[in-house]
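First residue of the sequence shown: 33, per the numbering used here; consecutive thereafter.
Built from N, CA and C at the ideal position, the CB exists for glycine as well.
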Amino acid sequence: MTTDPTPLQAEGLGRMIEAGVMDGAEFTMLCNLPGFTLMHAWFKKDYPLPLHSHSADCLYYVVSGSARLGTEELSAGDSFFVPANTPYTYRAGPEGVEVLEFRHTLDIDFQNYAKNQAFYDKAISTIIENRDFWQKVPKPTRNI
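The structure is reproduced here in structure tokens:
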């Protein structure tokens, strides 16, 4: 279940999609069993991930690249845990970031906390600046 977006969020997300946000990330389900899921996510450089939470604990493992989570700079081999219903975001570094996401379920309630026009305007500028690069950057070599 996902919480319905506000009108501002719906309009902002729609504009992000039109600008090409989908070119900035790729997701691959690696394992989906009762009580356990493993997803591979590749966020390309500067991907504008909104502040959000979900209703399941999530353990992340950085496979390659880097990301900034709050004041922490994460790189390959680092991990971080996000408890259920905890708002968070991270920003992919200049080479992007590949993470493995471990959860007990895919059936989650997603809550978007990006609720002001300034976030969406900045996100769209970032998407426009990076879209050509995102479309051309080669996929990382997975060692997973």
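On a Cα-Cα basis, can you pick out the residue from Glu-127, Val-95 and Ala-116 that is closest to His-86? As a position in the sequence shown, residue 86 is number 54, starting the count at 1. If we check each option's Cα against that of His-86, Ala-116 comes out closest.
Any idea what DSSP makes of Thr-69, helix, strand or coil? Position 37 of the sequence shown holds residue 69. DSSP places Thr-69 in strand when its eight states are reduced to three.
Measuring alpha carbon to alpha carbon, tell me which of Glu-161, Asp-164, Ile-140 and His-136 ends up nearest Pro-66. Stepping through the sequence shown from its first residue, residue 66 is reached at position 34. Checking every option, the nearest Cα to that of Pro-66 belongs to His-136.
Do the segment 76 to 91 and the segment 143 to 150 make contact, defined as three or more Cβ pairs closer than 8 Å? Verdict: yes, contact present.
Need the endpoints of the alpha helix (DSSP H) that Ser-157 sits in, please. Locating residue 157 in the sequence shown gives position 125, where the first residue counts as 1. It spans 149 to 168 - the alpha helix (DSSP H) in which Ser-157 sits, taken as one unbroken run.
Enumerate in chain order the residues of its own chain whose CB-to-CB distance from Leu-45 is below 7 Å, with the five nearest sequence positions on each side excluded. Counting from one through the sequence shown, the residue named residue 45 turns up at place 13. If we look at Leu-45 and ignore the five residues flanking it on each side, its Cβ neighbours are Pro-37.
Among Leu-106, Asp-110, Glu-133 and Ser-111, whose alpha-carbon lies nearest the alpha-carbon of Arg-123? Indexing the sequence shown from 1 puts residue 123 at position 91. Comparing Cα-Cα distances from Arg-123 to each of Leu-106, Asp-110, Glu-133 and Ser-111, the minimum goes to Leu-106.
Beta-bridge pairing of Ala-91 - partner residues as DSSP gives them: Locating residue 91 in the sequence shown gives position 59, where the first residue counts as 1. Ala is not the amino acid found at residue 91; the sequence shown has Leu there. By DSSP's assignment, Leu-91 forms a beta bridge with Phe-113 and Phe-134.
Minimum C-alpha distance to Asn-162 - residue among Gly-109, Ala-99, Met-54 and Glu-43: What you label residue 162 is simply residue 130 of the sequence shown in a count that begins at 1. Among Gly-109, Ala-99, Met-54 and Glu-43, the Cα nearest to that of Asn-162 is on Met-54.
Work out the CA separation of Trp-74 and Leu-91 for me, nearest whole Å. On the sequence shown, position 59 is the one that residue 91 refers to. On the sequence shown, position 42 is the one that residue 74 refers to. Taking the straight line from one Cα to the other gives about 15 Å.
Nearest-angstrom Cα distance between Asp-141 and Phe-134? Within the sequence shown, the letter at position 109 stands for residue 141. Within the sequence shown, the letter at position 102 stands for residue 134. Each residue's Cα considered, the two are about 16 Å apart.
Where Gly-56 falls: helix, strand or coil (DSSP): Position 24 of the sequence shown, counted from the start, is the residue given in the question as residue 56. In the three-state reduction of the DSSP assignment, Gly-56 falls in the helix class.
May I have the straight-line CA-CA distance separating Asp-89 from Ala-108, to the nearest angstrom? The residue given as residue 89 occupies position 57 in the sequence shown. The residue given as residue 108 occupies position 76 in the sequence shown. Inter-residue distance for Asp-89 and Ala-108 is about 21 Å (C-alpha atoms, whole angstroms).
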